[in-house]
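The sequence shown maps to residues 1 to 302 in this note's numbering.
Below: the structure, in structure tokens.
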Amino acid sequence: VHAIFGGFLAGVIVPHDHGLAVKITEKIEDIVNIVFLPLYFTLSGLKTQIGLLDSGAVWGYVILVIVLACFGKIIGCAGAAKISGMTTRESFTVGFLMSCKGLVELIVLNIGHDAGVLNDQVFVIMVVMALVTTFMTTPVVMWLYPESYQKATAMRSDTDNLSVAKDISRINSRMDFGQSFSLVTMVNRIESAISIMSIIRMLKREPADPSAKIGRYQLNVHAMRLLELTQRASDVMKLKDMEETSRQDPVLSVLRTFTSLSGGIEMLGTHLDFQTRSKFVNTIANYSQTVSADMVLIPVAN
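Take a look at the structure:
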């Protein structure tokens, strides 16, 4: 099992500070996904002799192994999720996701086959089980946890968050800190950041007309950066460590530096999120409502 635990320990040893692990992953993931992974699946397929499933008894064992594999993972994980407070639909979704075997199962089976622990027929049975449990995951999860249900759940969550944000806004309005002007802007490129800086300077410029109000507003800027969520391993790693990703992000760092040097901005809030492009608009709208934005700036280039 040195091939498994050796790779695991290599990943654990790599420091995650300053985005080093993410940068290493970005360098090697393309060659792994394009070259090494297809070669590994090809070699696994060459070892699998489907012709050994040549009798009804053997196919009975195949069905039995699949049922036992699904039952153990689905019932066990769904029960644990239900005890943790999830709904029945969400619990079974977790169970089916956990029953997906995928690449790790094939690695273990190949190691067992090469070591002589599994004979050719048992190896084929286990490979078929791994393929069936992997291929059934996506359609079953899409049926159990469809996009319409996800949107309804997200809307309920957003409603709760908005009610809390509105209560906080009412409390702040009763506090004698003067008027404030909340600006939400989307900055996805460094060119957009430069334009936003110019607009901020214009908003904070002293008005020529003493009766004008906007120059005396407390300016609160909320810079939002949305990155497209893909299936790349580096994006998943960035998503799991949002604090470090936000701190290392070059565009948000430029805005923070500009704010600290120029002054005039009472508060700069930065928000980094990963979403699919189809959800960009809803994410901006929900975030703007959460912070009670008076103005939303979206660069045309984005």
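The C-beta atom is built at its ideal place from N, Cα and C for all residues, glycine as well.
Query	Result
Under the rule that 16 or more other beta-carbon atoms within 10 Å means buried, what is Asn110, buried or exposed?	buried
Anyone know if the C-beta pair for Ala78 and Gly95 falls short of 8 Å?	yes
Using 8 Å as the threshold, is the region 274-287 in touch with the region 52-60, meaning 3 or more CB pairs across them?	no
For Asn282, name the three-state secondary structure that DSSP assigns.	helix
For Thr283 and Gly116, what's the separation of their Cα atoms in angstroms?	53 Å
Judging by CA-CA distance, which residue of Ile125, Glu90 and Val140 is the nearest neighbour of Cys100?	Val140
I need the boundaries of the alpha helix (DSSP H) containing Asp54, first residue and last residue.	Neither: Asp54 is in no alpha helix (DSSP H) and is coded neither H nor E.
With distances taken Cα to Cα, identify the nearest neighbour of Leu144 among Thr93, Val281 and Ala80.	Thr93
Starting from Met295, follow its DSSP beta bridges and name the residues at the other end.	Leu183
In the structure shown, what three-state DSSP assignment does Met237 receive?	helix
Identify whether Gly269 lies in helix, strand or coil by the three-state DSSP scheme.	strand
Please classify Ser198 as buried or exposed, where buried requires at least 16 other C-beta atoms within 10 Å of its C-beta.	exposed
According to DSSP, is Leu308 helix, strand or coil?	Examination of residue 308 is not possible in this model, given that the chain is present from 1 through 302 alone.
Of the choices Asn220, Arg189, Glu147 and Ile190, whose alpha-carbon is the least far from that of Leu183?	Asn220
Would the region 244-255 and the region 42-50 be scored as touching if the rule is three or more Cβ pairs under 8 Å?	no
Quick one: residues in its chain with C-beta nearer than 8 Å to the C-beta of Gln248, no 5 flanking neighbours on either side, listed in chain order?	His18 and Gly19
Would you mind sorting Ala309 into buried or exposed? The rule is 16 or more other CB atoms within 10 Å of its CB.	Residue 309 lies beyond the stretch modelled for the chain, which goes from 1 to 302, so this question has no answer here.
Under a CB-based cut-off of 8 Å, is Thr276 close to chain D?	No chain D appears in the structure shown, which is made up of a single protein chain.
If you reduce the DSSP assignment to three classes, tell me which class Ala115 lands in.	coil
How about Ala233 and Glu105: do their beta carbons lie closer than 8 Å?	no
Can you tell which of Tyr149, Val65 and Ile50 has its C-alpha closest to the C-alpha of Thr133?	Val65
When DSSP labels each residue in this structure, what does Met136 get in the three-state scheme?	coil
Tell me which same chain residues have a C-beta within less than 7 Å of the C-beta of Tyr287, skipping the five on either side of it?	Val184, Met224 and His271
To the nearest angstrom, report how far apart Val189 and His222 are at their CA atoms.	Reading off the sequence shown, one finds Arg at residue 189, where the question assumed Val. Roughly 16 Å separates the two Cα atoms.
Could you check which residue in Thr259, Ile31, Ala152 and Val22 has the C-alpha nearest to that of Ile196?	Thr259
Output the distance between the C-alpha atoms of Val291 and Ala81, rounded to the nearest integer angstrom.	33 Å
Between which two residues does the alpha helix (DSSP H) containing Met242 stretch?	Met242 to Gln248
Assign Gln275 to one of three DSSP states: helix, strand, or coil.	strand
With 16 other CB atoms within 10 Å as the buried threshold, where does His113 fall?	buried
Would you mind working out which of Gln121, Asp241 and Phe135 sits nearest Gly51, comparing C-alpha positions?	Gln121
Alpha carbon to alpha carbon, how far is Ala3 from Lys151? Give it in angstroms, no decimals.	42 Å
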